[in-house]
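Visitor: Below you will find the structure I want to go over with you.
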Amino acid sequence: DGGITQSPKYLFRKEGQNVTLSCEQNLNHDAMYWYRQDPGQGLRLIYYSQIVNDFQKGDIAEGYSVSREKKESFPLTVTSAQKNPTAFYLCASSPFYSNQPQHFGDGTRLSIL
Amino acid sequence: AQKITQTQPGMFVQEKEAVTLDCTYDTSDQSYGLFWYKQPSSGEMIFLIYQGSYDEQNATEGRYSLNFQKARKSANLVISASQLGDSAMYFCAMREGRYIQGGSEKLVFGKGTKLTVNP
């Protein structure tokens, strides 16, 4: 079945540590996105990518970095510069130039040790 | 200014009854799209229904329908015959403009409404 796989489901970060969240899709979608969700809040866009080797900052990119070396993969690194990283992170993808909805993965919950 | 407003933090409905979840939006674009997503307690976001700004008919998908009132900038979700499995967070989201810097669909989300279906 086609879909988006996020791993791990739960992740713990020590102070000063960088961690990387994985997102892989087999839907052949061109565009991929990373969102952050805090308790009781909606989703906020961190980064998005329309094509391989290109990505754009979203509304809350500070303290995060991404790469898009393959169409299927869009990993997110939460750096030590992100002072409040505890949140639920959702990855999504969508076809390019369409009104099709974004498809989401099951999310990664990141906590600070 | 908030682009998507969901004024109901929580809603309760009896099983088998209908419920309306409110969503108002703010945009100056003529072309935009409105989406509703469901988020169960497990966390995944499930797409429910889409309405384009130029669509003349209100969108429907099974038990879900969208009451689109363009002049009032509202896009309320109506769930008919509620089921216990409908208990979840519901998010309204908007895509502005036909293309965003080349085509990606940048979505703006509301803060959500928590729906509880009582037996």
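Line by line, the protein sequences are chains E and A. Each residue of the first sequence is one higher than the one before, starting from 55 at the first, in our numbering. Each residue of the second sequence is one higher than the one before, starting from 557 at the first, in our numbering. Every residue, glycine too, gets a C-beta built ideally from N, C-alpha and C.
1. Can you name the residues of chain E whose CB is closer than 7 Å to the CB of A:M601?
2. Helix, strand or coil for A:G608? Go by DSSP, reduced to three states.
3. Pairing CB atoms from the stretch 613-623 of chain A with CB atoms from the stretch 557-571 of chain A, are three or more of them under 8 Å?
4. When DSSP labels each residue in this structure, what does E:L130 get in the three-state scheme?
5. So E:R90 is in the beta strand (DSSP E); what residue range does that whole segment cover?
6. Enumerate in chain order the residues of its own chain whose CB-to-CB distance from E:I166 is below 6 Å, with the five nearest sequence positions on each side excluded.
7. Just checking my contact of E:P129 with E:H83 at CB under 8 Å: how many whole Å lie between their CB atoms?
8. Just the C-alpha distance for A:I560 and E:Q110, rounded to the nearest angstrom, thanks.
9. Any beta carbon of chain A sitting closer than 8 Å to that of E:G56?
10. Which first and last residues belong to the beta strand (DSSP E) in which E:D108 is found?
11. If I'm right that A:M645 touches A:G668 with Cβ under 8 Å, what's the distance once you round it to whole angstroms?
12. Which of the three DSSP states is assigned to A:G566 in this structure?
13. Rounded to a whole number of angstroms, what is the C-alpha to C-alpha distance between A:L663 and A:Q564?
14. Once the 5 residues before and after E:M86 are set aside, which same chain residues still bring their CB inside 6 Å of it?
15. Near E:N72, what residues of its chain come up, given a Cβ to Cβ distance below 8 Å and the 5 sequence neighbours on each side ignored?
16. Let me know if A:Q657 comes out buried or exposed under the rule of 16 or more other beta-carbons within 10 Å of its beta-carbon.
17. On the premise that E:G161 lies in contact with A:G599, defined as a C-beta separation below 8 Å, what is that separation, rounded to the nearest angstrom?
18. For A:G641, which of helix, strand or coil comes out of DSSP?
19. So, are the CB atoms of E:Q91 and E:G159 less than 8 Å apart?
20. Run through DSSP, which three-state label would E:L97 get?
21. In terms of alpha-carbon separation, which member of E:E123, E:Q156, E:Y101 lies closest to E:E116?
22. Can you check whether the C-beta of A:F647 is within less than 8 Å of a C-beta belonging to chain E?
23. Using a 10 Å radius around the Cβ and a threshold of 16 neighbouring Cβ atoms, would you call E:E182 buried or exposed?
24. I'd like to confirm the pairing. Which residues does DSSP put opposite A:Q595 in its beta bridges?
Guide: In brief:
1. L144, F158
2. strand
3. no
4. strand
5. 85-91
6. R67, T140
7. So it is not a contact: roughly 16 Å between Cβ atoms.
8. 22 Å
9. no
10. 108-111
11. 5 Å
12. strand
13. 20 Å
14. S103, F128, S147
15. T131, V132, T133, S134
16. Unreliable positioning characterises A:Q657 in this predicted model, as indicated by a pLDDT of 47, which lies under 50. The coordinate reading is nonetheless provided below. Its Cβ having fewer than 16 others within 10 Å, A:Q657 is exposed.
17. 4 Å
18. helix
19. no
20. strand
21. E:Y101
22. yes
23. Residue coverage of chain E in this structure runs from 55 to 167, which leaves residue 182 of chain E outside it and unanswerable.
24. A:M645
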